[in-house]
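The numbering of the sequence shown is this note's numbering, which starts it at 38 and goes up by one.
I have placed the structure first, in the form of structure tokens, so that the comments after it can refer back to it.
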Amino acid sequence: MYEPTNYESEKKWVRALAQGCRQAYRHLFDVYHKKVYHASRKMGLSHEDAEGVVQDVFLALWEQHKQLDPSLSVNALLITIAKRNIIKKIRKAALNIQYYEWVVHRNEAQVNTTEDEVIFTDLEAYVQQGIDQMPSARKEIFLLNKKQGMTSEEIALRLNLSKRTVENQLYRASKFLKDHLAKESYLQKICTLVLVMFLA
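Structure below.
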């Protein structure tokens, strides 16, 4: 007996959704909402904001159902909608700081899966690229603080600088990295990478 492939089955649900079938909408929500949630969390969003992304994504999916192209996969549709919503959340000032802290303080102990390893490697390389663009003195101070866990006072003593100078350099380094990590091109890239992994 012929069994439809997952791809064919997915097309059936997309066609039904395009015709306004609420059962199809519920089916797609049940299958994909946890994946969208976990992808949002992987991008550093809080539980509340990840839940907000899920709501926004599936609301948009329903609002646009009449314009859906049945030839497109659900993955492609959700990646496009979810990416826009996740980046919008990160763009908010408070979340931009949260995202920055999530990236900078990630470490190898948090790498539990192949997906984590790919994301971690990409983030680590991009963060290092930003660090390498800093003036040498600022870079040294930043690494002593973030990599070795030294306080401003300890760094000041080691480098024979004032505490104020060290704090100023740390502030400038953090601001530079936040701007570096929030570049639209990189947010698009890392967000797409995460979503593709989770929605595959």
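Heads up, the beta-carbon is just placed ideally off N, CA and C, and yes, glycines get one too.
This structure is a prediction, so every number in the text was calculated from the model and none was measured.
Residue closest to residue i, alpha-carbon to alpha-carbon, out of the options
i: residue 93; options: 104, 116 and 107; result: 116
i: residue 96; options: 174, 52 and 122; result: 122
i: residue 208; options: 227, 84 and 182; result: 182
i: residue 164; options: 48, 215, 64 and 59; result: 215
i: residue 213; options: 184, 113, 175 and 186; result: 175
i: residue 170; options: 113, 217 and 184; result: 217
i: residue 172; options: 206, 68, 69 and 113; result: 206
i: residue 229; options: 114, 85, 167 and 195; result: 114
i: residue 112; options: 129, 74, 75 and 69; result: 69
Terminal residues of the alpha helix (DSSP H) in which residue i lies
i: residue 196; result: 189 to 196
i: residue 83; result: Counting along the chain, residue 83 falls outside any alpha helix (DSSP H), and DSSP gives it neither H nor E.
i: residue 206; result: 200 to 218
i: residue 102; result: Neither: residue 102 is in no alpha helix (DSSP H) and is coded neither H nor E.
i: residue 79; result: 59 to 79
Three-state class that DSSP yields for residue i in the structure shown
i: residue 171; result: coil
i: residue 185; result: coil
i: residue 46; result: helix
i: residue 222; result: helix
i: residue 56; result: coil
i: residue 131; result: With a pLDDT of 49 at residue 131, under the threshold of 50, the modelled position of that residue is not reliable, and the figure given next carries that caveat. Correct three-state label for residue 131: helix.
i: residue 38; result: Residue confidence for residue 38 is low, a pLDDT of 32 falling below 50, so the modelled location carries little weight; the figure read from the coordinates is stated next. Looking at residue 38 - three-state DSSP - the assignment turns out to be coil, as it is neither helix nor strand.
i: residue 109; result: coil
i: residue 228; result: helix
Inter-residue CB distance, residue i and residue j (contact presumed, cutoff 8 Å)
i: residue 119; j: residue 232; result: 6 Å
i: residue 105; j: residue 54; result: 6 Å
i: residue 90; j: residue 77; result: 4 Å
i: residue 82; j: residue 126; result: 6 Å
i: residue 210; j: residue 178; result: 7 Å
Sequence-distant residues of its chain with Cβ nearer than 7 Å to residue i (five each side left out)
i: residue 200; result: 189, 190 and 193
i: residue 107; result: 48, 51, 52 and 55
i: residue 99; result: 62
i: residue 66; result: 95
Nonlocal neighbours in the same chain, by C-beta distance under 6 Å from residue i, ignoring five residues either side
i: residue 204; result: 189
i: residue 224; result: 124
i: residue 79; result: 231
Residues of its chain near residue i, where Cβ-Cβ distance is below 8 Å and the 5 sequence neighbours each way are ignored
i: residue 286; result: Outside the shown range of the chain, which is 38 to 237, sits residue 286, and nothing can be said about it.
i: residue 202; result: 193
i: residue 60; result: 53
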